[in-house]
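A short worksheet on the structure shown next.
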Amino acid sequence: MPKLQEQKQVTVEKLLELKKFERPSSEFWTRFENDLQVKRLQALVEKPSWLDRLRAALRYTMIWAVPVGGAAALAFALWVHSGELKWLQGGTANSELTARTMSESGQLASQDPLRELTDAALAREESALLRLETSVQSANLASASPQFIMDALSSEDSQPTHFRRVMYSSDFSADRDKGSRYVADPIPASRGAVVQPAVFTSSSRNF
Amino acid sequence: MAFSRTVQVDAGVNEAAETREADRDAELVARVQNGDVRAYDELVVKYRERLFAIVYNMTSNREDAADIIQDVFIKAFSSITRFKGNSAFFTWLYRIAVNTTLSHLKKNRLRRFFSLETIQEEGASAEVLETLAAKHKTEKGALLGELQEKLNDALQKLSPKHRTVVILFEIEGLSHQEISAIMGCSVGTVRSRLHYAKQQLQAYLKDFVDS
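Sequences listed follow chains W and V, in order.
Those letters in the first sequence? Residues 30 to 236, per the working numbering, in order.
Those letters in the second sequence? Residues 337 to 547, per the working numbering, in order.
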């Protein structure tokens, strides 16, 4: 009895089932068939408009545009970033060097240019100038291309000075031929490429 | 024990029938892909009524439904070479139909002309109508028109996505998995939409439904 009552109950599901029995007449399907045939033929005959062709082409291009564009943007960003780093490193080295050069030449220029120099003073002046010049060159070379440093020497003075053998060419300094020379090392030994401390002798100098 | 075995046997029979259907569809699709247009006509005749049930109940308009189904069949025909058989053909066709109908509803959301189809009084529908007529003490014919209007109205009050889920599950009899494949959403979303939609329908149709 309760089962029968349950069967007689009207639920949302049972009402929706009624929709299954809503069917069009056979004339509807005949007309539908004819219309479909006409539309299908039209679709076969009709050439796609330029807008449709453009849309299709863009759709196809967009499939590749996103990954390729993304990869290109990434490569460009990496290239810019690495270039910026190099520029910053070069810029830092040059600016440090310029500051040092300016301060040392300022010290020399502040002295009276007309005063008589003793031999010892002259030697000191020359030595200072030489150190300045060599340090500028070696720093330039070291910052530009550290692989040019072949080996290194150090003096036996109470204030030890490190020297490095540096290859140079006419590309770097127009007034000298290709060859190598030892220059005072402004860079601490730990920063050099291959530093081999050796006893400094005047015969090994190659200025 | 005997009941569960019967259910298992029924499920097995249904599964075998579905596999046969899928194989037949795949064969017809392969023929169409090789240039046999007549094979496509077979597919049209096979699926037009099922598609009509979905689209008509989504739009509640017979003429719109006819136009949409024709568009669906043309779209499917022109892109059948791209159908790789990763899903069943009917899933693919239903997906085209649902998407076309949803975009039609979006475009014409302000235009609402309802039309009613004749309900074939047979089986379950006759039983429900008799029960309702007895309950409301009215004639079956008069009740039918009113009920149809109320049903259409209630369905149209649902959002298009909720309506689609209800139609595919309750009217088309598809499983949650099949609906999720057609609508491109999870099974959980299908279940929750169905639950919410039924609650809404229960409220809209409270005059006809036993609480």
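All C-beta atoms in this analysis are idealised placements derived from N, C-alpha and C, irrespective of residue type, glycine included.
Determine the chain V residues that contact residue i at a beta-carbon separation under 8 Å, and present them in chain order.
i	result
D64(W)	A402 and Q406
Strictly below 7 Å CB to CB, what residues from chain W border residue i?
i	result
K534(V)	V41
Name the chain W residues whose beta carbon is nearer than 9 Å to that of residue i?
i	result
R398(V)	P53 and F57
D546(V)	K37, Q38, V39 and T40
V380(V)	E62 and L65
Can you tell which of the options has its C-alpha closest to the C-alpha of residue i?
i	options	result
E62(W)	Q406(V), T500(V) and H512(V)	Q406(V)
F388(V)	R52(W), K43(W) and A85(W)	R52(W)
Q66(W)	F413(V), V464(V), K382(V) and R367(V)	F413(V)
K442(V)	K497(V), W428(V) and Y532(V)	K497(V)
V365(V)	Y540(V), S415(V), V464(V) and E351(V)	S415(V)
E363(V)	L429(V), G421(V), Q513(V) and E482(V)	G421(V)
K471(V)	F544(V), L438(V), R499(V) and L510(V)	F544(V)
L483(V)	R384(V), K542(V), R418(V) and T355(V)	K542(V)
T437(V)	V526(V), K486(V), E399(V) and F419(V)	E399(V)
A533(V)	S511(V), V381(V) and R499(V)	R499(V)
S55(W)	V381(V), D359(V), A352(V) and N350(V)	V381(V)
K493(V)	S396(V), R527(V) and N435(V)	S396(V)
Q369(V)	A352(V), F419(V), A358(V) and A401(V)	F419(V)
F50(W)	T355(V), N444(V) and A462(V)	A462(V)
C521(V)	A490(V), N435(V), N444(V) and R384(V)	N435(V)
L491(V)	A539(V), T474(V) and N444(V)	A539(V)
S495(V)	T417(V), L429(V) and R445(V)	R445(V)
R60(W)	A402(V), R356(V) and Y383(V)	A402(V)
E354(V)	L510(V), V526(V), R527(V) and R384(V)	L510(V)
L306(V)	R356(V), G481(V), L429(V) and S528(V)	Outside the displayed span of chain V (337 to 547) sits residue 306(V), for which this structure offers no information.
How many whole angstroms separate the CB atoms of residue i and residue j, which I take to be in contact at a CB cut-off of 8 Å?
i	j	result
F426(V)	D377(V)	At roughly 16 Å, the Cβ-Cβ gap does not stay under 8 Å, so F426(V) and D377(V) are not in contact.
I410(V)	K68(W)	6 Å
Q38(W)	D372(V)	With 8 Å as the limit, Q38(W) and D372(V) do not qualify as a contact, their Cβ atoms being about 50 Å apart.
R386(V)	E508(V)	7 Å
R367(V)	A375(V)	4 Å
List, in order along the chain, the chain V residues whose C-beta lies closer than 7 Å to that of residue i?
i	result
A72(W)	I410 and S414
Give a yes or no on whether the C-beta atoms belonging to residue i and residue j are separated by under 8 Å.
i	j	result
I390(V)	H440(V)	no
A424(V)	V408(V)	no
F505(V)	L530(V)	yes
V41(W)	L537(V)	yes
V464(V)	L45(W)	no
N393(V)	I503(V)	yes
V73(W)	L487(V)	The question names Val, but residue 73(W) is Leu in the sequence shown. No, the pair does not count as a contact, with Cβ atoms beyond the cut-off.
V523(V)	Q513(V)	yes
Indicate, with yes or no, if the ligand HEM has a heavy atom lying under 7 Å from the CB of residue i.
i	result
D361(V)	For the structure depicted, the ligand HEM is absent and the ligand set is empty, with no information on it obtainable.
In chain W, which residues lie with their C-beta within 8 Å of the C-beta of residue i?
i	result
Q538(V)	V41
L468(V)	V39
L541(V)	V41 and L44
At the 8 Å Cβ level, is residue i part of the contact set with chain C, yes or no?
i	result
V502(V)	The structure shown contains no chain C; its protein chains are W and V.
Checklist entry - In chain order, what residues of the stretch 506–518 of chain V put their CB closer than 7 Å to some CB of chain W? => result E506 and I507
Checklist entry - Taking Cβ-Cβ distances below 8 Å as the criterion, which residues of the stretch 383–396 of chain V are in contact with chain W? => result R384, E385, F388, A389, Y392 and N393
Checklist entry - Taking Cβ-Cβ distances below 7 Å as the criterion, which residues of the stretch 77–99 of chain W are in contact with chain V? => result none
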